[in-house]
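Colleague: For reference, the structure I am asking about is given below.
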């Protein structure tokens, strides 16, 4: 019998993508979907692409409606999941796609988000290497509270951690510039997210060290062995509905060669089903990952500049959010880590 | 009586944009347009947007067809303009939109392009500050041979030169990641430039220090006062026809504040008609510059990362190519620098 | 001395485009821009592409602020311009970019819009042929109240009127399907207009005879000589910021040949500066008209189907709105009809 | 043990999509992929999105390489599959994604394609209603030669057949205007398919009754009961990689009401897994079908115009090509018709 699932905030893009993935997962059955303004609406009217779930109807986001399921996924605005989560039983598996339980430092929370701090949960980035050589996914085994990473964070962390972990990249003075699709910003009605504004345009946002994903990236890099990492991080909205293309640079340690660096990444991710390092000299495009729980990585070294250039492509809604949730859920429940997750992208 | 103009290679995107700008310039009259495979075709069949030039027909690209004009613009593939230019009279104003006459170092030419080196011409980036405090545009006065800069080069050079010139930015270990539209790659029939490949995707290219624009950027920064600049430079194709959004970072000198840095850029470009620094905390999008000879710059400082973040937006075909050519031409001929050039973008 | 202009509702897309065109018009000077929620804001903060108008600031949309100018342009939501217009002096030239003064039939107004009917003004589609052989532009000479047509209406009317006028096309059972950019829907915060929703998608709207542009199209066709025209009209939003590509069909009268039909269109528009009929067998794309006051028309005949197929491309914000306003204004004031208006598009 | 599959022409977009779908099909194993210029290349280098098939390498397209499989899919240019097919054993299931075996009329073939006529195969549009009340899918049971329909044909046929079959729509004087993504045109290197040309533009093509899909549509409508159907058919390329949004109109028979028409479509497709009729007043967008084998239909009636307006959305590469091939294959082999086929789209 499949696990029963409730999804809170299921009318947004992240919630919709959790639904899409769960609809094809053989061990999960979505029984309850909740929403705020869409409560009472048929799911198919809000997500007309999810034909296989046409039987569901949104109900209000209340603890009562979420209780009684094996699994609860929270796809709520930042700052709102802490209170809801506190109402759920300890043995229910709860996955929070929002930011509320990602940061281990209350000071970071206060500086970048503010409001009540709800502590941190097991963090859902399985492929992250730890300083001690272990794979981060180990912490998810048997977990009942999982914080799903931010989408940009996943791209940058996967791109930097192996090199820093192996001592091939300096851990300070990192840079990352990301071309990102607007679906990462959600279904919010903001002028800059209008099609007329973004079609034919590239828009930077949260420039200059103020983006909320920065402390989360640094937290991950410290897990991987960085001592006092710093990063200049800039996302740029571009006219594609989904996708992240992260251009990451880091100074290389003395004497490191391009071959050595590339080989380290290949070795690090050799056994991973969802993270793939391309052959030397090749770099990924986001189209290759659309709809898939796949992160693709290209690794190069610009000897003149003394910097490695690492390109990471992923789908912000899958490996960046919903796929990470399902992958973490698989581990937490002792299912095969890849169960139900797409590996092939939808291209062109 | 207007100056007579011939444009070689006028069937491509750069040539088309030179035509568009010249059609509205009060002192220029395009008399001859040449092409290779399109010789014999009506201009309006190749550039159906240029209704005001429907009377023109492409002829072969030969010295004979180009002679007898006051101005010749070369919009030819790299490596082909040197030979043609040698056939033109010394008192004709020749502007080369290709790379052949940009680099002052024969070694750079050999490393990044190869083939015969034709020397360097007066370089068409008027707003570049020189180490001695002068404006680069001075070198264009009375010039008869002008090398038009590369589009990415213009964005990065305008973004870095003021800070380096003023000693506020370190001149080594620079980084630039650019979201660029495919028109900069020309009308070439390449698979990665197909609409099916680029729609919904971000594609990096020339990653890892191999891009031909790198030596040209460093040459400009040295003009502005850099001693031994290095830069990690990565362009990413995104699905917008035109535009460059450059995300540039540089380490700041000790003690430099965000206010100080911003004020320096404001002061540097205060008298420029085509380069504008946005108020502190604001950053440009490419849509704001489409069709205009305008570069917009946002200047920030991430104190935690110790890096300035400078965002430059421009239209690769206008300020990045054709507008730069016309602006340089205006200076060279003693016309008002802004004559005939659009300042307002076409948005949304 | 230039004419002084005030623009009401200048913070939207239509208002922004009026500003862009007027900024380059030699006989106009925009002195006042009004807005609702943006009152008090600098124009450059709302329209960062309009660098040449950076000195302007939005004021409230009140009769007081609009009075005292030679020309007032109303770019307000439907249903709101009637009251404002009534407060303006009779000798002021008022152009309404909204729908309030387009329909000559009060019954049509009641059915498609509702609310108070304010009568109809001189209608700003100069190239429309009248049944009596005259050019519609004649009615604009000396006009002081001008209703600017709807953008879809302009495309369909220009595409059908010559054939109907000449008796070559049947005037009933017409069809039009339009691929349109979202800027025509304005800067409204609606979910379906979000970039995430429209990127990679084509969205029909107002299907089944309910679109408000239908009575206006039929009104124009009757002017051109149609007796009882009917049209099936369907717009489809596609992911381009601006542009209309209208695919129009009409049954041909008995014995009409493709050559005859094409020749009629060529002859009809032969003297027009802004409407161009392509050679037989060629059809326009919207890119060819971006930023220009140009409508391009391709004319074909499918003998098997017994229908003419007429393709019209134009820029909804220029020939579809702001350019039509300026063109009408030129006629009304006795200026050259083409003064200040761009003929060349911005492509690619 | 799964059926073994060879795919000829697997390096194109249609072939790639067949691969994507077959990779997730539980009863199929792709053993051989052939190509022309890509022979010798690793599949993952040509289709970097198909990570699960990274073990495959392209071989030459020869009868020898295709023999020895249970199933052969031909995704070859028009005119080239006839000769190859003749070399394959009769008991092999061969599916032709090209046009060579679609048309039952040699005269149609000669007029629209030309070259050798190879006869027609069982036609892979299962949901098409026949005049006798049967479902077209019946002809596929046990078939060993299947012609996969053209993508535009599928959209228009599914949209018109029920109404014509039921006598609610007139079968002559039909119109269809389609917004289509460029992937339907394949990976061909043509100037009009470049990203620079299509971004921000809508381009009509094959206007005026010359499109090769017209005889195939009429053939289908005759199957459904039409006597002498005629259609005006115009496709328009728009800037989305995949998707077809067909706007179809037909005159309604006397006295037909909107409710009656809608009810007929609902009833016709009530048992279909892949074709869905939306509630009255709602119309689909293409994003809802991306990656899915789903066609969505909206049905309206414009009483003033006397025409039904039927909107059909589907993914040209899935329900329009590769999904139709797999669905037909499932029927031919006696597998469940929906096996392995995605129903949910990837949106936004």
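Chains as they are written, first to last, in the UniProt record's numbering: chain A, 1 to 348; chain B, 1 to 348; chain C, 1 to 348; chain D, 1 to 348. All residues carry an ideal CB built from backbone N, CA and C; glycine is no exception.
Thinking residue 131 of chain B and residue 101 of chain B are a contact (beta carbons under 8 Å), I'd like their distance in whole angstroms, please.
Modeller: Start at 1 with the first residue of the second chain, and residue 131 of chain B comes out as number 131. Start at 1 with the first residue of the second chain, and residue 101 of chain B comes out as number 101. No, residue 131 of chain B and residue 101 of chain B are not in contact; Cβ-Cβ is about 22 Å, not under 8 Å.
Colleague: Can you tell me which of the three DSSP states residue 270 of chain A falls into?
Modeller: For the purposes of this step, residue 270 of chain A is taken as residue 270 along the first chain, with counting starting at 1. Residue state, collapsed to three classes: coil.
Colleague: What residue from D/336, D/155 and D/139 has the CA that sits closest to residue 248 of chain D's CA?
Modeller: Working through the fourth chain from its first residue, we reach residue 248 of chain D at position 248. The candidate whose alpha carbon is nearest that of residue 248 of chain D is D/155.
Colleague: Is the beta carbon of residue 230 of chain A closer than 8 Å to that of residue 304 of chain B?
Modeller: Here the question's residue 304 of chain B lines up with position 304 in the second chain. Here the question's residue 230 of chain A lines up with position 230 in the first chain. Contact: yes.
Colleague: Check the Cβ of residue 241 of chain C against every Cβ in chain A and list those closer than 7 Å, keeping chain order.
Modeller: Walking along the third chain from the start, residue 241 of chain C turns up at place 241. By Cβ distance, chain A contributes 196, 199 and 200.
Colleague: Can you name the residues of chain A whose CB is closer than 8 Å to the CB of residue 32 of chain B?
Modeller: For the purposes of this step, residue 32 of chain B is taken as the residue at position 32 of the second chain. Simply none; closest approach about 32 Å.
Colleague: Measuring CB to CB, does residue 159 of chain C end up less than 8 Å from residue 243 of chain C?
Modeller: Reading the third chain from its first residue, position 159 is the one you call residue 159 of chain C. Reading the third chain from its first residue, position 243 is the one you call residue 243 of chain C. Judged by beta-carbon spacing, residue 243 of chain C lies beyond the 8 Å limit of residue 159 of chain C, meaning their Cβ atoms are not closer than that value.
Colleague: Say whether the segment 196-203 of chain B touches the segment 194-214 of chain D, bearing in mind that this needs 3 or more beta-carbon pairs closer than 8 Å, one atom from each stretch.
Modeller: yes
Colleague: Can you have a look at residue 22 of chain C and say buried or exposed, based on whether 16 or more other CB atoms are within 10 angstroms of its CB?
Modeller: As a working note, residue 22 of chain C is residue 22 in the third chain. Result: buried.
Colleague: Given a cut-off of 8 Å on the beta-carbon distance, is the pair residue 146 of chain C and residue 140 of chain C in contact?
Modeller: Within the third chain, the letter at position 146 stands for residue 146 of chain C. Within the third chain, the letter at position 140 stands for residue 140 of chain C. For residue 146 of chain C and residue 140 of chain C, yes; Cβs fall inside 8 Å.
Colleague: For residue 191 of chain B, decide whether its Cβ has a neighbour in chain D, counting only Cβ atoms nearer than 8 Å.
Modeller: For this step, residue 191 of chain B is matched to residue 191 along the second chain. Chain D contact via Cβ: present.
Colleague: Once DSSP output is grouped into helix, strand and coil, what is the label at residue 11 of chain A?
Modeller: On the first chain, residue 11 of chain A is found 11 positions in, with the first residue counted as 1. Coil at residue 11 of chain A, not helix or strand.
Colleague: Anyone know if the C-beta pair for residue 5 of chain C and residue 29 of chain C falls short of 8 Å?
Modeller: If you number the third chain from 1, residue 5 of chain C lands on position 5. If you number the third chain from 1, residue 29 of chain C lands on position 29. It is a contact, given that the beta carbons lie within the stated cut-off.
Colleague: Output the distance between the C-alpha atoms of residue 350 of chain A and residue 151 of chain A, rounded to the nearest integer angstrom.
Modeller: What is shown of chain A runs 1 to 348, which leaves residue 350 of chain A out entirely.
Colleague: I need the straight-line Cα distance from residue 65 of chain C to residue 190 of chain C, nearest angstrom please.
Modeller: Your numbering for residue 65 of chain C matches position 65 in the third chain. Your numbering for residue 190 of chain C matches position 190 in the third chain. For residue 65 of chain C and residue 190 of chain C, the distance between alpha carbons rounds to 30 Å.
Colleague: Using the C-alpha atoms, what's the distance from residue 116 of chain B back to residue 41 of chain C?
Modeller: For the purposes of this step, residue 41 of chain C is identified with residue 41 of the third chain, where counting begins at 1. For the purposes of this step, residue 116 of chain B is identified with residue 116 of the second chain, where counting begins at 1. Looking at the two C-alpha atoms, the distance is approximately 56 Å.
Colleague: Looking at the structure shown, is residue 204 of chain B part of a helix, part of a strand, or coil, going by DSSP?
Modeller: Within the second chain, the letter at position 204 stands for residue 204 of chain B. Strand, per DSSP.
Colleague: Between C/297, C/265, C/167 and C/9, which lies nearest to residue 37 of chain C when the distance is taken from Cα to Cα?
Modeller: Your numbering for residue 37 of chain C matches position 37 in the third chain. Residue 37 of chain C has its Cα closest to that of C/9, out of C/297, C/265, C/167 and C/9.
Colleague: I'd like the span of the alpha helix (DSSP H) that includes residue 235 of chain A, first residue to last.
Modeller: In the first chain, residue 235 of chain A corresponds to position 235, counting from 1. Taken as a continuous stretch (DSSP letters only), residue 235 of chain A belongs to no alpha helix (DSSP H), being part of the beta strand (DSSP E) at 231-237.
Colleague: Please confirm whether residue 283 of chain A and residue 276 of chain A have their CB atoms less than 8 Å apart.
Modeller: Counting from 1 along the first chain, the entry for residue 283 of chain A is found at position 283. Counting from 1 along the first chain, the entry for residue 276 of chain A is found at position 276. It is not a contact, given that the beta carbons lie outside the stated cut-off.
Colleague: Determine the extent of the alpha helix (DSSP H) in which residue 213 of chain A is found, giving its start and end residues.
Modeller: Counting from 1 along the first chain, the entry for residue 213 of chain A is found at position 213. Residues 213-223.
Colleague: Put residue 31 of chain D into one of helix, strand or coil per three-state DSSP.
Modeller: Counted from its first residue, the fourth chain places residue 31 of chain D at position 31. Residue 31 of chain D: strand per DSSP, three-state reduction.
Colleague: Over what stretch of residues does the beta strand (DSSP E) that includes residue 314 of chain A continue unbroken?
Modeller: Within the first chain, residue 314 of chain A is the residue found at index 314, counting from 1. Taken as a continuous stretch (DSSP letters only), the beta strand (DSSP E) holding residue 314 of chain A covers 307-314.
Colleague: From A/319, A/240, A/232 and A/259, pick the residue whose C-alpha is nearest to that of residue 250 of chain A; which is it?
Modeller: As a working note, residue 250 of chain A is residue 250 in the first chain. Per the Cα distances, A/232.
Colleague: Can you give me the C-alpha to C-alpha distance between residue 99 of chain C and residue 259 of chain D, rounded to a whole angstrom?
Modeller: The residue labelled residue 99 of chain C in the question sits at position 99 within the third chain. The residue labelled residue 259 of chain D in the question sits at position 259 within the fourth chain. Taking the straight line joining both Cα atoms gives about 32 Å.
Colleague: Considering Cα atoms alone, identify which of A/226, A/265, A/306 and A/340 is closest to residue 24 of chain A.
Modeller: As a first step, residue 24 of chain A is located in the first chain; it is residue number 24 there, counting from the start. Selected option, being the one with the closest Cα: A/340.
Colleague: Please state whether the Cβ-Cβ distance between residue 74 of chain D and residue 19 of chain D is less than 8 Å.
Modeller: Taking the fourth chain and counting its residues from 1, the one referred to as residue 74 of chain D is at position 74. Taking the fourth chain and counting its residues from 1, the one referred to as residue 19 of chain D is at position 19. No, they are not a contact pair.
Colleague: Please classify residue 142 of chain C as buried or exposed, where buried requires at least 16 other C-beta atoms within 10 Å of its C-beta.
Modeller: One-based indexing of the third chain puts residue 142 of chain C at position 142. That one is exposed.
Colleague: Spell out the partners DSSP gives residue 3 of chain A in its beta bridges.
Modeller: Numbered from 1 along the first chain, position 3 holds the residue referred to as residue 3 of chain A. Bridge partners of residue 3 of chain A: A/28.
Colleague: I'd like to know whether the C-beta atoms of residue 273 of chain D and residue 337 of chain D end up nearer to each other than 8 Å.
Modeller: Mapped onto the fourth chain, residue 273 of chain D falls at position 273. Mapped onto the fourth chain, residue 337 of chain D falls at position 337. In this structure, residue 337 of chain D lies closer than 8 Å to residue 273 of chain D by Cβ.
Colleague: Select from the UniProt domain "Semialdehyde dehydrogenase NAD-binding" (4-136) of chain A all residues with a C-beta closer than 9 Å to any C-beta belonging to chain B, and list them in chain order.
Modeller: none
Colleague: If you check the beta carbons only, do residue 178 of chain A and residue 246 of chain A fall under 8 Å apart?
Modeller: Along the first chain, one-based indexing puts residue 178 of chain A at 178. Along the first chain, one-based indexing puts residue 246 of chain A at 246. A contact, by the Cβ cut-off of 8 Å.
Colleague: So, does the segment 283-298 of chain C touch the segment 308-324 of chain C, judging by three or more C-beta pairs under 8 Å?
Modeller: yes
Colleague: Give me, in chain order, the residues of the same chain whose beta-carbon lies closer than 7 Å to that of residue 128 of chain B; leave out the 5 immediate sequence neighbours on both sides.
Modeller: Counted from its first residue, the second chain places residue 128 of chain B at position 128. Excluding sequence neighbours, residue 128 of chain B sits near 136, 157, 161, 220, 223 and 224.
Colleague: Between residue 287 of chain A and residue 239 of chain B, what straight-line distance do the alpha-carbon atoms span, to the nearest angstrom?
Modeller: The count along the first chain starts at 1 and reaches residue 287 of chain A at position 287. The count along the second chain starts at 1 and reaches residue 239 of chain B at position 239. Approximately 11 Å between the Cα atoms of the pair.
Colleague: Relative to the alpha-carbon of residue 138 of chain D, which residue among D/331, D/119 and D/58 has its alpha-carbon at the smallest distance?
Modeller: Within the fourth chain, the letter at position 138 stands for residue 138 of chain D. Checked all of D/331, D/119 and D/58; the closest Cα to residue 138 of chain D is D/331.
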